[in-house]
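Chains as they are written, first to last, in my numbering: chain A, 1 to 249; chain B, 1001 to 1201; chain C, 2001 to 2201; chain D, 3001 to 3221; chain E, 4001 to 4221; chain F, 5001 to 5060. Glycine included, C-beta positions come from ideal geometry on N, C-alpha and C.
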Ligand code: HEM
Ligand SMILES: Nc1ncnc2c1ncn2[C@@H]1O[C@H](COP(=O)(O)OP(=O)(O)OP(=O)(O)O)[C@@H](O)[C@H]1O
Ligand SMILES: Nc1ncnc2c1ncn2[C@@H]1O[C@H](COP(=O)(O)OP(=O)(O)OP(=O)(O)O)[C@@H](O)[C@H]1O
Ligand SMILES: [Mg+2]
Ligand SMILES: [Mg+2]
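See below:
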């Protein structure tokens, strides 16, 4: 038991995490590529044309994974942030900081692909639908987190302040989601809303799931690469960084 | 009795000090000296528990101040570079409100007496923003006279004061120390008071 | 040659001074002394044309500074309580931008030299808000070394400086004055420099 | 406890001393509300329809404007350091400051809202709901805002960063607040919205002072 | 003249150094615009109708928020004193500061407005008019705002007092700006509104720096 | 297989703009992000190496 805790803390130090992450990154890239290629192949060549939406529906294969990842990454980020506040480990803050830009990109992609889907399907780039609106707010939360950390020069302070914001945000995300949903259904104003996926063909479902896996692997790979850069930046003046082979050469 | 063992302070990548030990007992005062940027202000902020040290521990009456918390803060008074004085309020209001924040209360007569002692008679009701640089500092220092605290931590208390005020403040410090209090202060001028220790950063 | 005749200054209902005359010629410097609140800062702001006197006139080379306007300001340098130093910028940027505002330009090498002279070597690229109280003042004072002005008006220039920096600044003032410049300054400490006049408020 | 009242009294005194502060938050509210008819045009039916939304958005912006000054002056002159070092628990002092902020900015808005409602031709029932929704909502705005104010304390460009952090968190308050009035007007009853608002207020009252305190400690380190 | 460019360069440098400043003004704009549908409801027809008004009011508020920081930091750290004492005429320096303010806050709004127009389903012609009206209007907002910023400099509660002074002066800009887009949508042609806006801009360009300079001198006395 | 010819593939049944607009931006971001992260890494590594060299020069 105690052995396990020791192990855990060992990997929670940037020094020992750095090489481990370095070894894992290529694998995640490989997995991302495999799932990506398979997913794309299914999306374009296996999945049949949709009865109502024609070929336009193929956007779903990136739209839904991006939307999922944007929500999932926020939760993971807040978890790391909470761990950082509770256990005062340096690595946690770095992880949260490394995840935020990727999460923001995913949120942006869900908005962008959604808009490019909405235009042909609804005739408008944007409607004030509940899901769209809450996705937009999630994007703002990411931007707020990134802007706050960018505005603080002291890394430790940035970590802690970001952690508080992320935790406050994670409490608020469900509240925001349900309030927006309720707002929209009460008004019943929107002439259109996202119709539940039309009895999705199993190939479509598979394509979507595999693409989601690809997005997942991609996110992990990028976040790990970024966290390694952050570790180097923050630990620049420690002995172990100076002893790294990539620094010595 | 305040003591610290192997304190260190890091700002950016600069180690301001490492392995610093100090101990000041009742009836003693400590003069922290050093060049500009040596880390005096940083040390005082650490000792007052405003910022945590990079390493090391600070003990008050033998117990770490981190665990003491409020009990330490109740016995300690920190006056920094900033005035902690509201420009819109008068010296009198500043003084009474500061006392209330500390959880004590201060009668108007006592407050007036403290202000008069610091040469602010006739300015009790003038908003602080009209006061001169030195008069603003005096309002701040009047808190020393009214707040009961065992440990004083003062960052450059003599700044902007004229000769008379410097004497007055020195007198106050001597009184505090001989009464069993402790004072830690920084100053670029030399201070001739009894029972002083010097720490050079 | 700066002279003033029967200046007076009123703040609120308080007459800080009335009928004040002064004259400082090339190669001389004036030490304005007085208790806290005597009106030193107010006088310096009047002399620098920042605020108008309640009565009286100020002449520069025999002409009233009000009509001289820019011509006076070009020959004069005023450094007040405030830093006029941007906390977000580095000392180097602060110095070069201040020079550009004055309509002159300053090479990076010269700026580095001035900063090094004031003991800021190695801090040229650190945003000013990370500097200590004394280091901030030094950035401000480095302007003295780079700006060509005949008349220096300095409000408490020695504040927050350590002994070494005080010597350095004194040296700079002596150099300026012996070169035919004029300096007017306030300080609560006595200053031992040649050719000084004293004005007690 | 007396320290809490002392801090409320002090903040109110400061607000009075700065005279303009309370009044101008109010005037900001009035002017923003009045800008819309100018920007949108004078059709009464259209204006009545958008009135709850506009009044609520204006109230939200007016509260938000004062937020940057919630802790900044105390930070600049060192009072905040003294508060951290005070023997009274910081959380209590912060709660006092938030209360004072609401009294000086939220409460006046609540009192003034009915007058502005008249400009938009709201009936007295809708006015009542508007006041109740603001009475429940504005303290929540102060509570949430305090977290943002503490997080951005002392940062360059803090004012705008603050709104970036805080506005997304204001969304539920806005939706339930404006929603209550609209629901009343459309005849579905405002009860649900108002009780959700009250629930959020209780939640905020518990957590916001705590989060604010933590953020302030970090800002001062 | 080189001092003017120096000051523009300096202010842009400061804006970059504070990193978030430019971006957050933009995001404030986006978020405020997004708040209105949340307060008013999602009906596309209604939203399309009020879109020009909302976009313009939000642009106006976004410009206004940054105004308090136009002179205040320079005042607090004594730079403004040095500018007054500088041999370069103060009016030129002030014009430089106003230009920098527009570049950092007004220009990004102009560039972003079309994206937000999409959210309200404006067609491309209306978008064009919106951009042109903002291009003429936002410099005017900076110019007028500078006068207000100078007048309230160093006053307690200045931020809110500032909006009180400035917002009424912004009314003509708002009416012509939002009016231009509405006129286009309703088919009456935006030419008249836009040329009035241009005339106001020329007028403002002449008088505002002068008035600002006078106000600054008074504030510093 | 859904497509008779490459042209058909790129037309996406008339939805080409939207489908490729989505997939294109997605691909763009997912290529740009790793490149930017890589740049960040190489720049910090470069400055670390430079510091190392400066240090060895100092000690000599
Ligand atoms: C800017 C526009 C849009 C945004 C921001 C957006 C956002 C989202 C989000 C956040 C999700 C995940 C929700 C969840 O899993 O519960 C999602 C899923 C989905 N979206 Fe969108 N969306 C947009 C436009 C569209 C359009 C135009 C369509 C189709 C006409 C669409 C179809 C779907 C489908 C089918 C799902 C999967 C639903 C499910 O898994 O239950 N979206 N979208
Ligand atoms: N991020 C940073 N990177 C490098 N150095 C830093 C950083 N932040 C602060 N410093 C340095 O830390 C020191 C802080 O010193 P401190 O304010 O404690 O000095 P001090 O002894 O009080 O000086 P003074 O007599 O001037 O008041 C300064 O030398 C400053 O340059
Ligand atoms: N509105 C007012 N009513 C009455 N007195 C005022 C008013 N405004 C300023 N004063 C007084 O004017 C004086 C201003 O002095 P000034 O700042 O010039 O002093 P100083 O000589 O520079 O002092 P120090 O050594 O403390 O810097 C102070 O005594 C202040 O109390
Ligand atoms: Mg110091
Ligand atoms: Mg003075």
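Contacts between residue 4221/E and chain D, judged by CB atoms closer than 8 Å, are missing: the closest CB pair is about 20 Å apart.
Contact between the segment 161-177 of chain A and the segment 9-29 of chain A is absent, with fewer than three C-beta pairs closer than 8 Å. DSSP assignment within the segment 4113-4141 of chain E yields no whole beta strand (DSSP E) run of 3 residues or more. For residue 3218/D, no chain E residue has a Cβ inside 7 Å of its Cβ, as the nearest lies near 18 Å away. Within the segment 3081-3111 of chain D, no residue has a Cβ lying closer than 8 Å to any Cβ of chain E. For residue 1094/B, no Cβ of chain C is located within less than 8 Å of the residue's own Cβ. Contact check for residue 2129/C and residue 2087/C: beta-carbon distance about 4 Å, within the 8 Å limit, so the pair qualifies. Residue 227/A sits in a helix when the DSSP states are folded into three classes.
Residues of chain B whose Cβ lies closer than 7 Å to the Cβ of residue 2134/C are, in chain order, 1036 and 1037. Distance from the CA of residue 1117/B to the CA of residue 1163/B, rounded to the nearest whole angstrom, comes to 15 Å. Using a 10 angstroms sphere on the CB of residue 243/A, the tally of other CB atoms stays under 16, which defines it as exposed.
Nearest to residue 4029/E by C-alpha distance, out of 4113/E, 4150/E and 4183/E, is 4113/E. Proximity of residue 172/A to chain E, defined by a Cβ-Cβ separation below 8 Å, is not satisfied. Taking 7 Å as the Cβ-Cβ cut-off, the segment 113-128 of chain A approaches chain E at 124, 125, 126, 127 and 128, given in chain order. Those residues having their beta-carbon less than 7 Å away from any non-hydrogen atom of ligand 5 are, in chain order, 1132/B, 1133/B, 1134/B, 2040/C, 2041/C, 2081/C, 2155/C, 2156/C and 2186/C.
DSSP, reduced to helix, strand and coil, places residue 15/A within a helical segment of the structure shown. Between the C-alpha atoms of residue 1174/B and residue 1074/B there is a straight-line separation of about 21 Å. Using a CB distance below 8 Å, the part of the segment 3041-3054 of chain D facing chain E consists of 3041, 3046, 3049, 3050, 3052, 3053 and 3054, ordered along the chain. With the criterion set as a beta carbon lying under 7 Å from some beta carbon of chain A, the members of the segment 5039-5054 of chain F are 5040, 5041, 5044, 5045, 5048, 5049 and 5052, in sequence order. DSSP assignment within the segment 3002-3049 of chain D yields the following whole alpha helix (DSSP H) runs of 4 residues or more, N-terminal first: 3002-3017 and 3020-3040. Chain order gives no chain E residues near residue 59/A, where near means a beta carbon separation below 9 Å; the closest approach is about 17 Å. Per DSSP, the unbroken alpha helix (DSSP H) holding residue 4082/E starts and ends at 4079-4085.
Excluding five sequence positions before and after residue 3193/D, the CB atoms of its chain that fall closer than 8 Å to its own CB belong to 3133, 3176, 3177, 3179, 3180 and 3183, given in chain order. For a cut-off of 8 Å, the C-beta gap from residue 4033/E to residue 4055/E is around 6 Å, short enough to register as a contact. Residue 4036/E and residue 3185/D have their C-alpha atoms roughly 18 Å apart.
Under the three-state reduction of DSSP, residue 2055/C is assigned to strand. Taking a Cβ-Cβ cut-off of 7 Å, residue 5057/F has no neighbours in chain A, whose nearest Cβ is about 15 Å from it. Take residue 1111/B, set aside five residues on each side of it, and the residues of its chain with a beta-carbon closer than 6 Å to its own are 1092, 1095 and 1096, in chain order. The shortest C-alpha to C-alpha distance from residue 98/A to any of 78/A, 109/A and 87/A is the one to 78/A. When C-beta atoms of the segment 2181-2190 of chain C are compared with those of the segment 2019-2029 of chain C, three or more pairs fall below 8 Å, so the two segments count as touching. Residue nearest to residue 4010/E within the set 2098/C, 2070/C and 2067/C is 2098/C (criterion: CA-CA distance).
Boundaries of the beta strand (DSSP E) around residue 2008/C: 2002-2011. The beta strand (DSSP E) runs of length 3 or more contained entirely in the segment 1120-1156 of chain B are, from start to end of the chain, 1151-1154. In terms of CA proximity to residue 2049/C, 2079/C leads the group 2079/C, 2036/C and 2037/C.
Within the DSSP bridge table, the entry for residue 50/A names 54/A as partners.
Chain-order list of chain E residues neighbouring residue 183/A: 4038, 4041 and 4042, by C-beta distance under 9 Å.
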